[in-house]
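Enquirer:
Protein chains in written order, with the numbering used here: chain F, 160 to 491; chain U, 160 to 491.
#1: Beta-carbon of residue 300(F) versus every beta-carbon of chain U: anything under 8 Å?
#2: Which residues does DSSP pair with residue 317(F) in a beta bridge?
#3: Assess, as a yes-or-no matter, whether the segment 292-303 of chain U is touched by the segment 288-297 of chain F under the definition of 3 or more beta carbon pairs within less than 8 Å.
#4: Is residue 198(U) closer than 8 Å to residue 159(F) when the C-beta atoms are compared?
#5: Which residues, taken in chain order from the segment 271-292 of chain F, show a beta carbon closer than 9 Å to some beta carbon of chain U?
#6: Since residue 258(U) contacts residue 268(U) with CB under 8 Å, what's their CB separation in whole angstroms?
#7: Leaving out the 5 sequence neighbours to the left and right, which residues in its chain are closer than 7 Å to residue 270(U) when beta-carbon positions are compared?
#8: Identify the contact partners of residue 254(U) in chain F, using a Cβ-Cβ distance below 8 Å as the criterion.
#9: Which term fits residue 182(F), buried or exposed, when burial requires 16 or more other beta carbons within 10 angstroms of its beta carbon?
#10: Helix or strand or just coil, what does DSSP make of residue 360(U)?
#11: Tell me, please, whether the CB atom of residue 240(F) is closer than 8 Å to any CB atom in chain U?
#12: Using a Cβ-Cβ distance under 8 Å, would residue 160(F) count as near chain U?
#13: Grab the span of the alpha helix (DSSP H) containing residue 351(F) for me, first residue to last.
#14: With a threshold of 16 other CB atoms inside 10 Å of the CB of residue 433(F), please say whether the residue is buried or exposed.
#15: Looking at the unbroken alpha helix (DSSP H) that takes in residue 265(U), where does it start and where does it end?
#16: Would you check if there are 3 or more beta carbon pairs closer than 8 Å linking the segment 344-360 of chain U to the segment 413-429 of chain U?
#17: Within the chosen definition, does the segment 365-372 of chain U reach the segment 228-245 of chain U through at least 3 CB pairs nearer than 8 Å?
#18: Below 8 Å on the Cβ atoms is my guess for residue 349(U) versus residue 254(U); work out the distance and round it to an integer in Å.
#19: Just to make sure I have the definition right: I need the residues of chain F whose C-beta is within less than 8 Å of the C-beta of residue 257(U). Which are they?
#20: Check the DSSP bridge columns for residue 259(F) and list the partner residues they point to.
#21: Taking CB distances under 8 Å as the criterion, tell me whether residue 295(F) reaches chain U.
#22: Compile a chain-ordered list of the residues in the segment 356-381 of chain F whose CB is closer than 9 Å to at least one CB of chain U.
#23: Drop a sphere of 10 angstroms on the beta-carbon of residue 210(F), count the other beta-carbons inside from all chains shown, and report buried for 16 or more, exposed for fewer.
#24: Can you find a CB in chain U that lies within less than 8 Å of the CB of residue 265(F)?
#25: Pull up the CB-CB distance for residue 341(U) and residue 213(U), whole angstroms please, since I reckon it's below 8 Å.
#26: Could you give the DSSP three-state label for residue 432(U): helix, strand or coil?
#27: Per DSSP, what kind of secondary structure is residue 189(U) in: helix, strand or coil?
#28: Looking at the unbroken alpha helix (DSSP H) that takes in residue 289(U), where does it start and where does it end?
#29: Can the beta-carbon of residue 275(U) be found less than 8 Å from the beta-carbon of residue 252(U)?
#30: Go through its chain and collect everything with a Cβ distance to residue 363(U)'s Cβ below 6 Å, but skip five positions before and after it.
#31: Who pairs with residue 225(F) in a beta bridge, going by DSSP?
#32: Any beta-carbon of chain U closer than 8 Å to the one on residue 306(F)?
#33: Using a C-beta to C-beta distance shorter than 8 Å, which residues of chain F count as neighbours of residue 314(U)?
#34: Using a C-beta to C-beta distance shorter than 8 Å, which residues of chain F count as neighbours of residue 311(U)?
#35: Out of curiosity, what's the CA-to-CA distance linking residue 177(U) and residue 217(U)?
#36: Please list the terminal residues of the continuous alpha helix (DSSP H) segment that includes residue 474(F).
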């Protein structure tokens, strides 16, 4: 049932469409996020405590849902996608030297950087190992290509750290390859299990790609604007970690030359210089950074909806449209 | 042609058996170890300079060699195995905080820990991505399971760092899962391309597993004994990085109680306390650590040769026996 009439689409409403499937997913994820070794087991338990919103598995399950039937591999595939997401977060937190994630200490802080590196490797290779052992070649191919693209984007992001003049195209490339592609993979993998959607794989992938762009842009807006629902993440985290995002890029081109010169000079001490964040935030708010980024998020949201036209009238269309509204209306 | 008559089997002699195939391998490896991004490209070039002995690809190619015919995928698979090996070294050097590898600065030192982490992820996922894109499902399954086992062993090794009372069984588990399993994978993957060896996959895998055990034990002996051919690696590196290996484990149980107490006390400052290495080395030499480890290496060498019995008279048997002699006679 479409939820477009509501002012704000809640994630729970989307998830109610696949409520039973999500229970199966939770069971699979609980089972798979495990390690035979004591230290691995401890870290897995810790990761389970910092529960995500299950956005990616929800998309896998929505795309795979065919009436009341559930493909036996769908929940398993959703768990694999979530494991990949968890692995990237563990490695990301190490790269960003982040201290907390979902209000808990990060693996790198609690067990040290070496354990964080190995833990990520453990989770990635577990997914590959599970998918190949189960003979899920299509899902494997998608996840292998996706994680590889993500690693290239990580390097690109590292290369462009604290680059105040980061071109907008480079920002879009980074978020496309780092965030959107796993959301695209989620939708595409889900469609593998739906007899009526299999031949729409490219459309589902394009939908996820555009949805993922909108998702990341809104996330990047929150980092400048603050959002009461994101209490686990402090505002300004992206800036302090040297991640130049769309609100900044858009505002920077509108900023006056003297302001630019002053901020450039202040940057010498590094982006985590305490007073700098207040100035940067002000610069972004005053120079239309948030408005521009919101406009771009809406643009990708529109493109996501357009990607669904290829499906024709299909039971999935309404709920996937709602997923777009959920992502965009988080801003309201 | 068997080389057992010689006192010391040279790696070049083994490699002459697959000379042409190794040229194809080098071409594949050169092509695959590449990154579209500038920073990725630079790191790839750096990694190419620190050339390995090509032991694992040599085994892939020996196992795959069927007369003068060469399976078109064999050199590609050998390159994938070498990429996995390279990825593990990049991550290992980060974990061990190593400064040099093959006389060159490590990636973590030259480009920083974040780049080292991403580079390893890039290489691993590249292999998975390449193998799945090429539809090489068997090789993919073997490599996925192998890299997963390796990550568990890495964590086990991290957990047991500087543990003076590391049980011998734990040491064997670590080297079996961390080193031997990739050598087993090399032999097994090679056999996939040989029509006469495909049904001997388990035997080839067992051969590689035992060979890999002998290989790691001899490597661990070199770290206490020194070896002029290993100039790129300083003696005592394992100890200083907290890696407790067989020569130490064996000697430690023979050491006198006062000596043990004294070393335990000295360890408080950590294994890289400068004077400690000289004492530990002396302890290992005086208490039969090297003899015991050599005996165990020979034992696994024997088991490797026995694993080949399943093949019956086969052109591969002689050269694989030579591979065992090469590994063991490095000690002479």
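Ideal Cβ placement from N, Cα and C applies to all residues, glycine included.
Expert: To lay it out plainly:
#1: yes
#2: Note: residue 317(F) sits in no beta bridge, so no partner.
#3: yes
#4: Coverage of chain F is limited to positions 160 through 491, which leaves residue 159(F) absent and any answer about it impossible.
#5: 271, 272, 273, 274, 275, 276, 277, 278, 279, 280, 281, 282, 283, 284, 285, 286, 287, 288, 289, 290, 291 and 292
#6: 5 Å
#7: 202
#8: 273, 276 and 277
#9: exposed
#10: helix
#11: no
#12: Because residue 160(F) carries a pLDDT of 35, less than 50, the predicted location of this residue cannot be relied on, and no value is offered for it.
#13: 340-351
#14: exposed
#15: Segment: none, residue 265(U) is in no alpha helix (DSSP H) and carries neither H nor E.
#16: no
#17: no
#18: Not a contact, Cβ separation roughly 29 Å.
#19: Ordered by position in chain F, no residue passes the 8 Å Cβ test against residue 257(U), which lies about 12 Å from the chain.
#20: 264(F)
#21: no
#22: none
#23: exposed
#24: no
#25: Not confirmed; about 14 Å, so no contact.
#26: coil
#27: helix
#28: 272-292
#29: yes
#30: 222, 346, 347 and 350
#31: 228(F)
#32: yes
#33: 194, 196, 198, 199, 274, 277, 278 and 281
#34: 194, 195, 196, 199 and 281
#35: 7 Å
#36: 474-488
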